[in-house]
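**Student:**
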Amino acid sequence: MNLRFDAVDIGNDALKGFFSGLGKENKVYIPNVIAKVEDRTVVEYEKNILHGLHVEITSPALDSKGGKYVVGNLASQYEENDELTQASDKYNNDQSIVLLLTAVAYDAALHLTPEENIIDVDVYLSTGLPLGEAEHRKEFSKKLKSVSHNVKFLKTPKLEGITVNVNFKHVLVNTEGFSAYIDLMMNEDGSDRNVELQGKDIMINDIGGLSTDTAVILSDGSIDNTNSKGIPEGVSPYLDEIIEKVQKEFKYTFKSRRELVDIITGKVPEDKNHIYVKSNRTPIEDIVLPILRKLAVAEYKHISRVWDKVPSIRASYQIGGGALILKDALIEINNTNHKFALRFIDSADDSVWMIARAYYKILSTYCAQKGIEMPKSNIEGKVKATIINE
Numbered sequence: 001m002n003l004r005f006d007a008v009d010i011g012n013d014a015l016k017g018f019f020s021g022l023g024k025e026n027k028v029y030i031p032n033v034i035a036k037v038e039d040r041t042v043v044e045y046e047k048n049i050l051h052g053l054h055v056e057i058t059s060p061a062l063d064s065k066g067g068k069y070v071v072g073n074l075a076s077q078y079e080e081n082d083e084l085t086q087a088s089d090k091y092n093n094d095q096s097i098v099l100l101l102t103a104v105a106y107d108a109a110l111h112l113t114p115e116e117n118i119i120d121v122d123v124y125l126s127t128g129l130p131l132g133e134a135e136h137r138k139e140f141s142k143k144l145k146s147v148s149h150n151v152k153f154l155k156t157p158k159l160e161g162i163t164v165n166v167n168f169k170h171v172l173v174n175t176e177g178f179s180a181y182i183d184l185m186m187n188e189d190g191s192d193r194n195v196e197l198q199g200k201d202i203m204i205n206d207i208g209g210l211s212t213d214t215a216v217i218l219s220d221g222s223i224d225n226t227n228s229k230g231i232p233e234g235v236s237p238y239l240d241e242i243i244e245k246v247q248k249e250f251k252y253t254f255k256s257r258r259e260l261v262d263i264i265t266g267k268v269p270e271d272k273n274h275i276y277v278k279s280n281r282t283p284i285e286d287i288v289l290p291i292l293r294k295l296a297v298a299e300y301k302h303i304s305r306v307w308d309k310v311p312s313i314r315a316s317y318q319i320g321g322g323a324l325i326l327k328d329a330l331i332e333i334n335n336t337n338h339k340f341a342l343r344f345i346d347s348a349d350d351s352v353w354m355i356a357r358a359y360y361k362i363l364s365t366y367c368a369q370k371g372i373e374m375p376k377s378n379i380e381g382k383v384k385a386t387i388i389n390e
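Counting in the UniProt record's numbering, the final residue of the sequence shown is number 390, and the numbers go up one at a time with none missing.
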């Protein structure tokens, strides 16, 4: 029997997944961009499979029932591509399903042996929805579980011609904010970690691409349902504003939001907040910083409101890709205002992968309770955080 254990965070900016393990080799990262493409011209295939995903998907879970798509990095190269907007809900959005099924099929095709170019795989899936969509968890689970999904790789390097038939044996749909708390507090084997957080009220502020998901976790480990409310603010619209202004001023076109994020966060440190226009190194800091500060102010006001309602909160963890982008601005604003105990995950990698890692731990706990054997996996080390004003 072909069996895989998948933990997938369908983020507004990108899908992050751990597939049958928590090691680096189990990670899959796919930008949340798709484009409908029937065929594509290939002079030379991409060296990285994930940079050349071209699939045909047939699934009753899709409102469209199916189509041919390029996904992720490849889709970002097409002008007529789709990135999620603030009007998008994950639970009823075809793009989320296309991304999820592509990732699950990619993992299966990479690790399982096809028979006559066909792979049948059963999957235990752990994924999640924002707190604002929590009421739709059963609906989302049923949509995935009740049907079979077909993914055929078209002009995809190394996988062309392979068809993956996906059957979800069980689907755990978690809430995103609380899942981050699970990652902070629990090792993969269920043992405690970060015990200094036990017995304290804490806030988890997950700053995403299109929204901010905020969970208040009480000292007994339960969610404060009344005050665990996010805001419809995320980094994507602000990134789009930066992209538009840079294009207007410098005639420079970013291929995707991800390209801009890499520049803002200094993926190449010496090129932080710089672009190359006709080979000339050009600063864009004067555009980037004022725009990001607008979002940082909105986020800080939100944090302040939550703290006013729950004054017993001991610390607020800022997580997600948005936290990395806004870290400097939030620290500056905090230092001149309330001086809250804000915590930022030191590792950019940890901050981005917390939710997906939590989903895998939750899946591990579920399987252990049900007597289902999972692959052995080494968890990465204890998450370290920078503590501001505590």
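Each residue gets a CB set at the ideal place from its N, CA and C atoms; glycine is no exception.
Does any residue of chain D have a CB that is nearer than 7 Å to the CB of residue 373?
**Tutor:** No chain D appears in the structure shown, which is made up of a single protein chain.
**Student:** Tell me residue 318's beta-bridge partners as DSSP assigns them.
**Tutor:** As a first step, residue 318 is located in the sequence shown; it is residue number 318 there, counting from the start. Residue 318 pairs with 205 and 344.
**Student:** So residue 355 and residue 9 are in contact, right, with Cβ under 8 Å, and what is the actual spacing, rounded?
**Tutor:** Indexing the sequence shown from 1 puts residue 355 at position 355. Indexing the sequence shown from 1 puts residue 9 at position 9. That pair is a contact at about 4 Å.
**Student:** Near residue 3, what residues of its chain come up, given a Cβ to Cβ distance below 7 Å and the 5 sequence neighbours on each side ignored?
**Tutor:** The count along the sequence shown starts at 1 and reaches residue 3 at position 3. Only 122 meet the Cβ criterion.
**Student:** With three or more C-beta pairs closer than 8 Å as the rule, is the region 168-176 touching the region 142-155?
**Tutor:** Segments in contact, yes.
**Student:** Restricting to Cα atoms, I'd like to know which of 153, 107 and 60 is closest to residue 125.
**Tutor:** Residue 125 sits at position 125 when you count from the first residue of the sequence shown. Of 153, 107 and 60, the residue nearest in Cα terms is 107.
**Student:** Let me know the secondary structure DSSP gives residue 337 once reduced to three states.
**Tutor:** Within the sequence shown, numbered from 1, the residue matching residue 337 stands at position 337. In the structure shown, residue 337 sits in coil (DSSP, three-state: anything other than H, G, I, E or B).
**Student:** Closest to residue 338 by CA distance: which of 304, 368, 316 and 328 is it?
**Tutor:** Here residue 338 refers to the residue found at position 338 when the sequence shown is read from its first residue. Measuring from the Cα of residue 338, the nearest candidate turns out to be 304.
**Student:** Using only the alpha-carbon positions, how far apart do residue 295 and residue 64 sit?
**Tutor:** To locate residue 295, count along the sequence shown from 1; it is residue 295. To locate residue 64, count along the sequence shown from 1; it is residue 64. Taking the straight line from one Cα to the other gives about 35 Å.
**Student:** State whether the region 91-106 contacts the region 186-196, with contact taken as three or more CB pairs (one from each stretch) at a distance under 8 Å.
**Tutor:** Segments in contact, no.
**Student:** How big is the Cα-Cα spacing for residue 214 and residue 139?
**Tutor:** As a first step, residue 214 is located in the sequence shown; it is residue number 214 there, counting from the start. As a first step, residue 139 is located in the sequence shown; it is residue number 139 there, counting from the start. For residue 214 and residue 139, the distance between alpha carbons rounds to 22 Å.
**Student:** From residue 298 to residue 320, what distance separates their C-alpha atoms?
**Tutor:** The residue you call residue 298 lines up with position 298 of the sequence shown. The residue you call residue 320 lines up with position 320 of the sequence shown. For residue 298 and residue 320, the distance between alpha carbons rounds to 16 Å.
**Student:** Which two residues bound the contiguous beta strand (DSSP E) that contains residue 56?
**Tutor:** Locating residue 56 in the sequence shown gives position 56, counting from the first residue. Counting along the chain, the beta strand (DSSP E) containing residue 56 begins and ends at 53-58.
**Student:** For residue 237, report the span of its alpha helix (DSSP H) as first-last.
**Tutor:** Walking along the sequence shown from the start, residue 237 turns up at place 237. That run of the alpha helix (DSSP H) goes 236-250.
**Student:** Does the separation of the CB atoms of residue 13 and residue 26 fall below 7 Å?
**Tutor:** Position 13 of the sequence shown, counted from the start, is the residue given in the question as residue 13. Position 26 of the sequence shown, counted from the start, is the residue given in the question as residue 26. Contact flag unset, no.
**Student:** Just reading off the beta strand (DSSP E) that residue 170 is part of, what are its end residues?
**Tutor:** For the purposes of this step, residue 170 is taken as residue 170 along the sequence shown, with counting starting at 1. Counting along the chain, the beta strand (DSSP E) containing residue 170 begins and ends at 163-175.
**Student:** Using three-state DSSP, classify residue 372 as helix, strand or coil.
**Tutor:** For the purposes of this step, residue 372 is identified with residue 372 of the sequence shown, where counting begins at 1. Residue 372 falls in the coil class under three-state DSSP.
**Student:** Specify the secondary structure class of residue 73 as computed by DSSP and reduced to three states.
**Tutor:** Here residue 73 is taken as the residue at index 73 of the sequence shown, counted from 1. Three-state DSSP puts residue 73 in coil, outside helix and strand.
**Student:** Checking the sheet assignment: what are the DSSP bridge partners for residue 186?
**Tutor:** What you label residue 186 is simply residue 186 of the sequence shown in a count that begins at 1. Residue 186 is bridged to 192.
**Student:** Taking the straight line between their C-alpha atoms, what separation do you get for residue 40 and residue 257?
**Tutor:** Position 40 of the sequence shown, counted from the first residue, corresponds to residue 40. Position 257 of the sequence shown, counted from the first residue, corresponds to residue 257. Cα to Cα, residue 40 sits roughly 23 Å from residue 257.
**Student:** When DSSP labels each residue in this structure, what does residue 26 get in the three-state scheme?
**Tutor:** For the purposes of this step, residue 26 is taken as the residue at position 26 of the sequence shown. Residue 26 falls in the helix class under three-state DSSP.
**Student:** Which partner residues of residue 115 appear in the DSSP bridge assignment?
**Tutor:** Along the sequence shown, one-based indexing puts residue 115 at 115. 118.
**Student:** Measuring straight from C-alpha to C-alpha, what distance separates residue 20 and residue 283?
**Tutor:** Position 20 of the sequence shown, counted from the start, is the residue given in the question as residue 20. Position 283 of the sequence shown, counted from the start, is the residue given in the question as residue 283. Cα to Cα, residue 20 sits roughly 42 Å from residue 283.
**Student:** Between 230, 204, 220 and 193, which has its C-alpha nearest residue 211's C-alpha?
**Tutor:** Mapped onto the sequence shown, residue 211 falls at position 211. Residue 211 has its Cα closest to that of 230, out of 230, 204, 220 and 193.
**Student:** At the level of alpha carbons, what is the spacing between residue 371 and residue 1?
**Tutor:** For this step, residue 371 is matched to residue 371 along the sequence shown. For this step, residue 1 is matched to residue 1 along the sequence shown. About 17 Å.
**Student:** Is any non-hydrogen atom of the ligand FAD found closer than 6 Å to the C-beta of residue 55, if you look at the structure I gave you?
**Tutor:** In the structure on display, the ligand FAD does not appear, and there are no ligands present to speak of.
**Student:** Assuming residue 175 and residue 128 are in contact, meaning their beta carbons sit under 8 Å apart, how far apart are those beta carbons, in whole angstroms?
**Tutor:** Numbered from its first residue, the sequence shown carries residue 175 at position 175. Numbered from its first residue, the sequence shown carries residue 128 at position 128. The Cβ separation is near 6 Å, so the contact holds.
**Student:** Taking just the CA atoms, how far does residue 246 sit from residue 364?
**Tutor:** Here residue 364 refers to the residue found at position 364 of the sequence shown. Here residue 246 refers to the residue found at position 246 of the sequence shown. Cα to Cα, residue 364 sits roughly 45 Å from residue 246.
**Student:** Specify, as a first and last residue, the run of the beta strand (DSSP E) that residue 311 falls within.
**Tutor:** In the sequence shown, counting from the first residue as 1, residue 311 sits at position 311. Counting along the chain, residue 311 falls outside any beta strand (DSSP E), and DSSP gives it neither H nor E.
**Student:** So what does residue 19 bridge to, in DSSP terms?
**Tutor:** Mapped onto the sequence shown, residue 19 falls at position 19. Partner(s): 6.
**Student:** Does the region 225-244 come into contact with the region 340-359, if we say contact requires no fewer than three beta-carbon pairs (one atom in each stretch) closer than 8 Å?
**Tutor:** The region 225-244, when compared against the region 340-359, does not touch it at the 8 Å Cβ threshold.
**Student:** Classify residue 17: buried if its beta carbon has 16 or more other beta carbons within 10 angstroms, exposed otherwise.
**Tutor:** Against the sequence shown, residue 17 aligns to sequence position 17. Label assigned to residue 17: buried.
**Student:** If contact is defined by three or more beta carbon pairs under 8 Å, each pair taking one atom from either stretch, is the region 72-83 in contact with the region 252-272?
**Tutor:** Yes: the two stretches touch, three or more of their Cβ pairs being nearer than 8 Å.
**Student:** Are there 16 or more other CB atoms within 10 angstroms of the CB of residue 118, so buried, or fewer, so exposed?
**Tutor:** Working through the sequence shown from its first residue, we reach residue 118 at position 118. Flag for residue 118 reads exposed.
**Student:** Using three-state DSSP, classify residue 281 as helix, strand or coil.
**Tutor:** The count along the sequence shown starts at 1 and reaches residue 281 at position 281. Residue 281 falls in the strand class under three-state DSSP.
**Student:** Looking at the structure shown, is residue 151 part of a helix, part of a strand, or coil, going by DSSP?
**Tutor:** Locating residue 151 in the sequence shown gives position 151, counting from the first residue. Strand.
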